[in-house]
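Going down the list, the sequences are from chains Y and Z.
For the first sequence, this note's numbering gives the first residue as 974, with consecutive numbering after it.
For the second sequence, this note's numbering gives the first residue as 10, with consecutive numbering after it.
Cβ atoms here follow ideal geometry from the backbone N, Cα and C, with glycine treated the same way.
Every value quoted in this text rests on a predicted model; they were computed, and no experiment measured them.
In what follows, a single structure is set out as structure tokens and then discussed.
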Amino acid sequence: MSAWIRREVVVRRGWMDDRAFLVGLTLCQIAPGPNAINLAVLIGTALRGGPGALAAVLGMVGPPAVLVLALGAGLAALRDTPSLGAIMAGLGAAAIGLALANAFELSRRNLRTPGSLVITAATAAAIGILRLPLPAVLAFAVPLSLLLAARER
Amino acid sequence: MNPLLALASLFGGLSLLAVGGGNAVIPDMQHAAVSLGWMNEREFLDLYALSRVAPGPGSLLVALIGQKVAGVPGAVVATLAMFVPSCLLMHLAARFWYRLRDASWRGVAERGLAPIGVGLTYAAALALMRGTEHGAAAYGLTAASAVLLSTTRLHPLLVLGAGAALGWVIGL
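Written out as structure tokens, the structure reads:
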């Protein structure tokens, strides 16, 4: 999604230069929250302050929200259709594959040191297998990982 | 508890914990939705899958959860609770970010938080597999989809659509 936003904002409309976009994208990935929404806030803020941020987020979330809720209502209405269970099971299984493919891609781009591999594996196991609560895991993993990153160079 | 209040406190609490993106809080959302009796894991996976198929940010999964719990008001409350805190923080941060002279800690934050974000993406996939009667055929489909999407340039919607069709054909 960020590649597509870059094309619109940097290449087609010239609202920002490439460097400002990339520096901002880094902030969006560091700051908590969905990256695409963060990017909308960042671009809106850079161009027109608070009102710009609000307009950007409403544009990003509003129309798709209407569509996704229509899909949700459709799913609820069709719940008793016999074949729907199999279709959704197939869709769900493939969607988990998409999450895994995202994780592979992120691993390839971000995991360059043994320490970062260990942090990734431990975080995945703590949340995904041991089901530890996220705040506790972050309270431990964030300082440790920042420390490792700071000592790298 | 009133369902709207429950939605607001759940997603408001998770908003600032979404390190590396919206995927980070999926395991906690799933755990809360199931333990509060809102849905089972299978229904959660259905909503997750819908949020991937629909255009727009995948984080609109929160709107679908809110809708299932309390209709359109639930969707609005869940979406606002999830997005307002992180958007406010982002808005404040964006105003300072470009003025920073010393960029060295930017790199540290980026390199330090990335492995956690990656780990949380794996955790989301693991959590979604759990408790959804994921049999051998479903695991096969998940693996095939992951391999196809990692090694080819096929559009994700095409692969997800093929998964749905295959699920229907083999009666998953």
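Identity of the residue in the options nearest residue i by Cα
i, options, result
"Gly-166(Z)", "Ser-44(Z), Ala-132(Z), Pro-64(Z)", "Residue identity check: residue 166(Z) is Leu in the sequence provided, not Gly. It is Pro-64(Z)."
"Ala-976(Y)", "Leu-998(Y), Leu-1119(Y), Trp-988(Y)", "Leu-998(Y)"
"Met-99(Z)", "Phe-994(Y), Gln-1002(Y), Val-984(Y), Gly-1065(Y)", "Gln-1002(Y)"
"Ala-155(Z)", "Ala-1059(Y), Leu-1073(Y), Val-1034(Y), Ala-1112(Y)", "Leu-1073(Y)"
"Ser-159(Z)", "Gly-1006(Y), Arg-1082(Y), Ser-1056(Y), Leu-1119(Y)", "Arg-1082(Y)"
"Pro-12(Z)", "Leu-181(Z), Leu-59(Z), Ala-41(Z)", "Ala-41(Z)"
"Pro-66(Z)", "Ile-978(Y), Thr-1054(Y), Val-983(Y)", "Ile-978(Y)"
"Leu-1117(Y)", "Ala-171(Z), Ile-125(Z), Thr-161(Z), Ile-179(Z)", "Ile-125(Z)"
"Tyr-97(Z)", "Val-1110(Y), Leu-1015(Y), Glu-1125(Y)", "A small correction: the amino acid at residue 97(Z) is Leu; Tyr does not occupy that position in the sequence shown. Nearest of Val-1110(Y), Leu-1015(Y), Glu-1125(Y) to Leu-97(Z), Cα basis: Leu-1015(Y)."
"Asn-1075(Y)", "Leu-175(Z), Ala-134(Z), Val-93(Z)", "Ala-134(Z)"
"Ala-90(Z)", "Leu-23(Z), Gly-170(Z), Val-178(Z)", "Leu-23(Z)"
"Pro-1087(Y)", "Phe-1113(Y), Gly-1022(Y), Ile-1102(Y), Glu-1125(Y)", "Glu-1125(Y)"
Residues near residue i by beta carbon distance below 7 angstroms, same chain, minus five either side
i, result
"Gly-1025(Y)", "Gly-1017, Thr-1018"
"Ala-8(Z)", "Because chain Z is modelled from 10 through 181, residue 8(Z) falls outside the range shown and cannot be assessed."
"Ala-132(Z)", "Pro-36"
"Gly-21(Z)", "Ala-90, Pro-94"
"Arg-1052(Y)", "none"
For residue j and residue i, believed in contact at Cβ under 8 angstroms, the rounded distance
i, j, result
"Leu-268(Z)", "Leu-70(Z)", "Because chain Z in this structure spans residues 10 to 181, residue 268(Z) falls outside the shown range and cannot be described."
"Ala-1122(Y)", "Gly-121(Z)", "4 angstroms"
"Ala-1062(Y)", "Ala-147(Z)", "6 angstroms"
"Arg-61(Z)", "Leu-1071(Y)", "6 angstroms"
"Met-1033(Y)", "Ala-1013(Y)", "4 angstroms"
"Leu-1000(Y)", "Ala-103(Z)", "7 angstroms"
"Thr-1096(Y)", "Leu-137(Z)", "16 angstroms between Cβ atoms; not a contact."
"Leu-16(Z)", "Ala-87(Z)", "5 angstroms"
"Ile-1060(Y)", "Ala-173(Z)", "5 angstroms"
"Leu-59(Z)", "Gly-1045(Y)", "6 angstroms"
"Thr-1093(Y)", "Val-127(Z)", "5 angstroms"
"Gly-176(Z)", "Ala-1066(Y)", "7 angstroms"
"Thr-141(Z)", "Glu-50(Z)", "5 angstroms"
"Val-1041(Y)", "Leu-109(Z)", "Contact flag wrong, Cβ pair sits at about 36 angstroms."
"Gly-31(Z)", "Ser-68(Z)", "4 angstroms"
Close-in-space but distant-in-sequence residues of the same chain around residue i (CB under 8 angstroms, 5 per side omitted)
i, result
"Lys-77(Z)", "Trp-47, Met-48, Glu-52, Leu-56, Gly-83"
"Leu-157(Z)", "Leu-163, Val-168"
"Ala-1004(Y)", "Asn-1011"
Test: residue i CB closer than 7 angstroms to a CB of chain A
i, result
"Glu-119(Z)", "Here the protein chains are Y and Z, and chain A is not one of them."
Cβ neighbours of residue i in the same chain (closer than 6 angstroms, five flanking residues each side left out)
i, result
"Leu-19(Z)", "Ala-41"
"Gln-39(Z)", "Phe-53, Ala-136"
Please list the segments of the alpha helix (DSSP H) lying wholly inside the stretch 129-166 of chain Z, counting only runs of 4 or more residues, in order along the chain.
145-160
Enumerated in chain order, which unbroken segments of the alpha helix (DSSP H) with a length of 4 residues or greater are wholly contained in the stretch 62-134 of chain Z?
70-106
Please specify which runs of the alpha helix (DSSP H), each continuous and at least 4 residues long, are wholly inside the stretch 974-1005 of chain Y, giving them in chain order.
975-979, 991-1003
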